[in-house]
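Enquirer:
Residue numbers (mature numbering (1 follows the signal peptide of the UniProt record, and there is no 0)): -20 to -1, 1 to 212.
1) Hey, how far is the Cα of residue 42 from the Cα of residue 91?
2) Please state the DSSP three-state secondary structure of residue 25.
3) Nearest to residue 25 by alpha carbon, out of 158, 133, 170?
4) Can you tell me which of the three DSSP states residue 97 falls into?
5) From what residue to what residue does the alpha helix (DSSP H) around residue 176 run?
6) What's the C-alpha gap between residue 15 and residue 97?
7) For the segment 159 to 167 against the segment 190 to 202, do three or more pairs of beta-carbon atoms, one drawn from each stretch, fall closer than 8 Å, so that the two count as touching?
8) With respect to the beta strand (DSSP E) encompassing residue 143, which residues constitute its N-terminal and C-terminal limits?
9) Using only the alpha-carbon positions, how far apart do residue 146 and residue 63 sit?
10) Figure out for me which residue from 58, 156, 135, 113 has the closest Cα to the Cα of residue 102.
11) Which class does residue 71 belong to by DSSP, given the choice of helix, strand or coil?
12) Going by DSSP, what residue range makes up the beta strand (DSSP E) through residue 194?
13) Alpha carbons only, please: which of 189, 115, 40, 125 is nearest the one belonging to residue 156?
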């Protein structure tokens, strides 16, 4: 009889316990989704959404979302405000190197163009410190300085008219543009004036303004230090 009672209690315990194969719904969250995906590494190299979590956009920090959002048809160039359900998956359903949290789209609250994605282009130099560069001048470099801003890779590439340079983007918002240290080639420059001015101005850049096909790079005081035009 004692063994029958123990067996009955064990059966009752397991019947009442949560099953390891059952998903557990947690809550509904507000997600803000950035206008471009960025490189990331999960099970391998991939592109990830950048999201902010919470009602207040300005108080949240961007973070990478490796797992994606089920039912969400993402379109590059737009910032989204979403309502997303969060579900914890049972361990048996989670592949190796995958998230145990599943996100599912509930509602697209807002979708609007992301102005900073216009930076993602190649630009040709027009002016330094507010003065137009005369490329017909004998002291001007034979090669016009250019700047490529690649938001997908979060990097910048370009030439100062003599040497090539590249570096990382550390912050890009609707008004802010900050770069890490720029690495450059070290060729001797026959016409060094413009390259020197470009390099000095690049060290000051902290922001930007877009006006049609013009891109002005500005310093902490809001003064234009470099002006470019979009390359067709």
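Think of the CB as a built atom: it goes at the ideal place given N, C-alpha and C, for glycine as much as any other residue. All values reported here derive from a predicted model rather than from experimental measurement.
Expert: For this structure:
1) 18 Å
2) strand
3) 133
4) helix
5) 173 to 182
6) 7 Å
7) no
8) It is not in any beta strand (DSSP E) - residue 143 carries neither H nor E in the DSSP assignment.
9) 38 Å
10) 135
11) helix
12) 194 to 198
13) 189
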